[in-house]
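**Q** Just passing along the structure, written as structure tokens.
As structure tokens, this is what we get:
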């Protein structure tokens, strides 16, 4: 019976911290107008992406349109519709193939959010796992992991990104892997430092003294206290992934031609600007600007709201 109550006392701090942190974070975010506006913009983009996915928006583009069909359609329409300026019929004008720039920008939202989500789901588990292992076990394991992520971070991001993109080939899968495998280092570094502190907390040491396994300690007491780092890193990874896709597609090694994306739109607008056709470039950059700005502002608000030090200031919030 005494052992049962001891275990309950050991496990309580993690649950109290998680609950208090969530309550403080939500209350803090609700009072932050910039955070709420940013969250509204992110929600709007998500709704647009869902609408494009199911054909409710941008019905002229979907995954069944191959490169050849898009080119054929563009060639057929370009006789009358190429380079039309913004109008009531075409809100953002048309491109060289007569395609509606507004529809391309809308479908580009879906592509951008898919890239941000999938690359984050690749990078975060890698960074979290390696950071936890390095920080918890220390010693030679820590030295090897630190050496590895130091070697990776010493390579310029763009050079590493380009190398992996060429290795995996052009297309969405290549973009997912290239960005996902190059964006885990920062989370690994932060997680390692945080775990190195958490493993010396009293209730973690008590759990170890009671014979709890390393796996149980990590899952029950360490990882729950890393959620704030994961959430913040997730928002930052989104911005990085969106910008990285634009760079890769602009250089011709990202999303395949025929798949609407902001990077492909900017690449196509490179020559159009010389003719005074500015609307494709403006639509892509504006769409990218607002989502990146919203994620950055919301990420900053999350970083402040999820600061564990706020737990001791709950009453003042």
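Numbering (our numbering), first residue to last: 17 to 333.
The beta carbon of each residue, even a glycine, is placed where N, CA and C say it ideally should be.
The model shown is predicted, which means the values in this text are computed figures rather than measured ones.
1. Taking C-beta to C-beta, are residue 253 and residue 140 nearer than 8 Å?
2. Tell me whether the beta-carbon of residue 195 lies closer than 8 Å to the beta-carbon of residue 135.
3. Between the beta-carbon of residue 264 and the beta-carbon of residue 191, is there less than 8 Å?
4. Whole angstroms is fine: what's the gap from residue 224's alpha carbon to residue 204's?
5. For residue 116, does the three-state DSSP call read helix, strand or coil?
6. Can you tell me which residues form a DSSP beta bridge with residue 110?
7. What is the DSSP secondary structure of residue 267, counted as helix, strand or coil?
8. Does residue 163 pass the burial test, meaning 16 or more other C-beta atoms within 10 Å, or should it be called exposed?
9. Apart from the five residues just before and just after residue 312, which ones in its own chain have a Cβ nearer than 7 Å to its Cβ?
10. Out of curiosity, what's the CA-to-CA distance linking residue 340 and residue 100?
11. To the nearest angstrom, report how far apart residue 307 and residue 222 are at their CA atoms.
12. Put residue 297 into one of helix, strand or coil per three-state DSSP.
13. Let me know the secondary structure DSSP gives residue 273 once reduced to three states.
14. In terms of residue numbering, what span does the alpha helix (DSSP H) encompassing residue 54 cover?
15. Do the region 151–169 and the region 206–218 make contact, defined as three or more Cβ pairs closer than 8 Å?
16. Who are the Cβ neighbours of residue 212 in its own chain at under 6 Å, not counting the five residues just before and after it?
17. Taking Cβ positions, are residue 238 and residue 148 nearer each other than 8 Å?
**A** Once the coordinates are examined:
1. Closer than 8 Å, so yes.
2. yes
3. yes
4. 24 Å
5. strand
6. 116
7. coil
8. Per the 10 Å Cβ criterion, exposed.
9. 255
10. Nothing can be reported for residue 340: it is not among the residues displayed for the chain, which extend from 17 to 333.
11. 45 Å
12. helix
13. coil
14. 49–69
15. yes
16. 151
17. Result yes, Cβ atoms of residue 238 and residue 148 sit closer than 8 Å.
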